[in-house]
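Residue numbers (my numbering), protein chains in the order written: chain S, 107 to 193; chain D, 107 to 193.
One structure is given here, and the rest of the page talks about it.
There are 2 protein chains.
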Amino acid sequence: MLVSNVYSMADEIDRWNPEPVYLQLAAILRGQIERGELVPRQPLPSESYLVGHYGVSRGTARRAVEVLRDQGLVVTIPQRGTYVSER
Amino acid sequence: MLVSNVYSMADEIDRWNPEPVYLQLAAILRGQIERGELVPRQPLPSESYLVGHYGVSRGTARRAVEVLRDQGLVVTIPQRGTYVSER
DNA sequence: GTACATTTGTTCGTATGTATA
DNA sequence: GTATACATACGAACAAATGTA
C-alpha cells in the first residue's frame with residue numbers, strides 16, 4: 107500500500123512519555139506546520155485553544171509556543187496572536 | 107581613598123560558597139534594599155527575573171523572597187507582586 | 001461611543017519528581 | 001535521612017491591547 111510506514115504522531119500528549127509535555131506539544135505543532143496544516147501568515151491556535159484541546163495548562167502551552175518562536179517557526183504579536191512564519 | 111574597605115557583594119551567586127543559594131540571594135536582595143537600590147513601596151524583581159538574572163530555579167528564588175518576607179523586609183501581595191516594606 | 005469577548009503578558013501559589021551533598 | 005536545588009506542570013488571577021457587536 108501507499109501509506110507511509112513512518113507513522114504520523116497521534117497529535118496527542120502522552121503522559122507516559124518521559125519527554126516534557128511542552129516539548130511534546132511543540133513537536134505536535136511543528137509537525138502541523140511542516141505538513142502544511144498550519145499555514146504561513148495564518149494564526150496558530152490560541153493559548154486557550156491549546157489548553158482545551160490538548161489538556162495542558164496555559165503555562166505549558168505558552169512554553170511550547172515559546173519553543174517554536176525561538177526556532178523562528180512562528181511570530182507572536184502581543185494582544186493579537188501567534189502566526190506561522192513565512193518561508 | 108574614601109572607598110569603603112567593606113567590599114560590596116558582587117550581587118552574584120557563588121556556587122563555591124557553602125552558604126545555600128537561597129540565602130545568598132536573600133542577602134543580595136537585602137543589600138539592595140539597605141543600599142536604597144530597592145525602594146519601599148516599589149516592587150521587588152519578579153520571580154522570573156530572579157530566575158533569569160541570577161540563574162537559580164524558581165523554587166530557590168521563592169525561598170529567598172520568603173526569607174525577606176519572614177524578616178519583614180518585603181510584603182507579597184498575591185497575584186500582584188512583592189514590594190519593599192515601608193519603614 | 002460603549003460594552004464585551006478574545007488574546008497575550010505577567011505574577012503568584014502549589015505540587016511532584018529527580019539529583020546531589 | 002535531611003536539606004538544597006532544579007525542572008516540570010498544574011491552577012488562578014489580573015492587566016493591557018485588540019477586535020467586534
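Every residue gets a Cβ at the ideal spot worked out from N, C-alpha and C, and that includes glycine.
- Message: Taking DSSP's pairing of strands, which residues face S/P149 in a bridge?
- Response: As a working mapping, residue 149 of chain S is identified with position 43 in the first sequence. Beta-bridge pairing links S/P149 to S/Y189.
- Rounded to whole angstroms, how far is the Cβ of S/Y189 from the Cβ of S/Q148, which I believe are closer than 8 Å? Taking the first sequence and counting its residues from 1, one reaches residue 189 of chain S at position 83. Taking the first sequence and counting its residues from 1, one reaches residue 148 of chain S at position 42. Right, the Cβ-Cβ distance comes to about 7 Å (below 8 Å), so this counts as a contact.
- How about D/L131 and D/V180: do their beta carbons lie closer than 8 Å? What you label residue 131 of chain D is simply residue 25 of the second sequence in a count that begins at 1. What you label residue 180 of chain D is simply residue 74 of the second sequence in a count that begins at 1. Cβ distance not < 8 Å, so D/L131 and D/V180 don't count as in contact.
- Message: For D/E118, tell me which candidate among D/G158, D/E140, D/P146 has the shortest Cα-Cα distance.
- Response: Along the second sequence, read from residue 1 onward, the residue named residue 118 of chain D stands at position 12. Taking the Cα of D/E118 as reference, the smallest distance to any Cα among D/G158, D/E140, D/P146 is reached at D/G158.
- Have a look at D/P124 and S/D120 and give me their C-alpha separation to the nearest angstrom. Taking the second sequence and counting its residues from 1, one reaches residue 124 of chain D at position 18. Taking the first sequence and counting its residues from 1, one reaches residue 120 of chain S at position 14. Straight-line Cα distance between these residues: approximately 40 Å.
- Which residues in the same chain have their Cβ closer than 8 Å to the Cβ of S/R193, if we skip the five residues on either side of it in sequence? Within the first sequence, numbered from 1, the residue matching residue 193 of chain S stands at position 87. Here the set comprises P146.
- Coil, strand or helix - D/I134 by DSSP: Indexing the second sequence from 1 puts residue 134 of chain D at position 28. Per DSSP, reduced to three states, the secondary structure at D/I134 is helical.
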